[in-house]
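Let me begin by presenting the structure, written as structure tokens, before commenting on it.
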Amino acid sequence: MIDTILFDLDGTLLPMDIDVFIKHYFVELATYCAQWGYEPELLIDSLKKSTIKMLHHDGLKTNEQVFWDSWIKDLGPSMLQRKDDLETFYLTDFIKAKEGTKVEPLAKELIRYLKGKGYRLIVATNPMFPKVASKQRVKWAGLDPNDFEEITTYEDYHYTKPNVKYYEEIFDKFGLKPDQCFMIGNDALEDLAIAQLGVDGYLVTDYLINRENVDLSTIRTGQFSEMVQWVKENL
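Sequential numbering from 348 applies to the sequence shown in my numbering.
What follows is the structure in structure tokens.
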């Protein structure tokens, strides 16, 4: 019996063009770090490389450790001294990256409905951001981070989407089995990867990402409003 709903964040609960958002994010972070003498272009290049490292590692370290190992290698050990300072960035200038996002009014209604039904709710966003950044993005969506049992972040996870070990890590952490869970996302590759473990789901098409041209003919799909209606009728 399904009792846990996993939501993707970017492009699902938080409407966005992911490429526009990432561009704004990298530029704002590089600009912020320039105050410490780092060249913006070098920093953006290192950000991209360090982000890719999180996508392709053996899981022996957290994504946070992998990211910072790579970043420090490029920018020098002095960058590590700025780690705490970067939290201020996510509480201040990071808001400028919100330009590429919107609020989906039905998202708040859906979360209220599911909580009222007693479902456990998890934001299964790709854990490549620090906790403070992911909580901010949940707030951008007009939602309360406290409504979710978990928001997956790079401090706590050792894998990223579409690696199924990322989803297994969630299951292990919360004592979940695939038949208890339902996934709602917008990325055919990353969010449907959980289907390999036997989890059913819904692919939201408002900001659909299907870079690998995954065959969606047998997949439950629809716009966010259609998904909300389906959930109310079937869960």
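Glycine included, C-beta positions come from ideal geometry on N, C-alpha and C.
Computed from a prediction, not measured in an experiment: that's the story for all the values here.
- P509 counts as buried, since no fewer than 16 other beta carbons sit within 10 angstroms of its beta carbon.
- If you compare the alpha carbons of S417, D431, P424, E446 with that of K478, the shortest gap goes to D431.
- Nearest to L582 by alpha-carbon distance, out of Y437, Q527, T565, T398, is Q527.
- For the options Y501, P474, V470, the alpha carbon positioned closest to that of N493 is the one of V470.
- About 6 Å separates the CB atoms of F441 and A480; that is less than 8 Å, so the two are in contact.
- Per DSSP, G548 lies in no alpha helix (DSSP H) segment; the continuous beta strand (DSSP E) that holds it begins and ends at 547-551.
- The region 420-431 makes no contact with the region 525-542, as fewer than three CB pairs between them are under 8 Å.
- Three or more Cβ pairs drawn from the region 355-371 and the region 436-450 lie within less than 8 Å of each other, which places the two stretches in contact.
- Taking L461 as the centre and dropping the five residues before and after it, the same chain places the C-beta of I352, L468 closer than 7 Å to its C-beta, in chain order.
- In the three-state scheme derived from DSSP, where H, G and I count as helix and E and B as strand, I541 is classed as helix.
- DSSP lists I469, M530 as the bridge partner or partners of L353.
- For secondary structure counted as the alpha helix (DSSP H) over 4 or more consecutive residues, the region 405-446 holds these complete runs in sequence order: 410-422, 430-438.
- The Cβ neighbour count for D534, taken over all protein chains shown within 10 Å, is at least 16; the residue is labelled buried.
- Excluding its 5 nearest sequence neighbours in each direction, F414 has C-beta neighbours in its own chain below 6 Å: S397, M401, listed in chain order.
- Here I517 is not bridged, per DSSP, to any residue.
- Assignment of E497 by DSSP, reduced to helix, strand and coil, places it in the strand class.
- Residue pairing by DSSP places I556 opposite D534 in a beta bridge.
- When the five nearest sequence neighbours on each side are left out, no beta carbon in the same chain lies closer than 6 Å to the beta carbon of I399.
- In the structure shown, T359 adopts coil according to DSSP, grouped into three states.
- In the three-state DSSP reduction, G463 falls in the helix class (H, G or I).
- DSSP, reduced to helix, strand and coil, places T398 within a helical segment of the structure shown.
- At the C-beta level, I541 and Y504 stay beyond 7 Å of one another.
- In the structure shown, T378 falls within a helical segment according to DSSP collapsed to helix, strand and coil.
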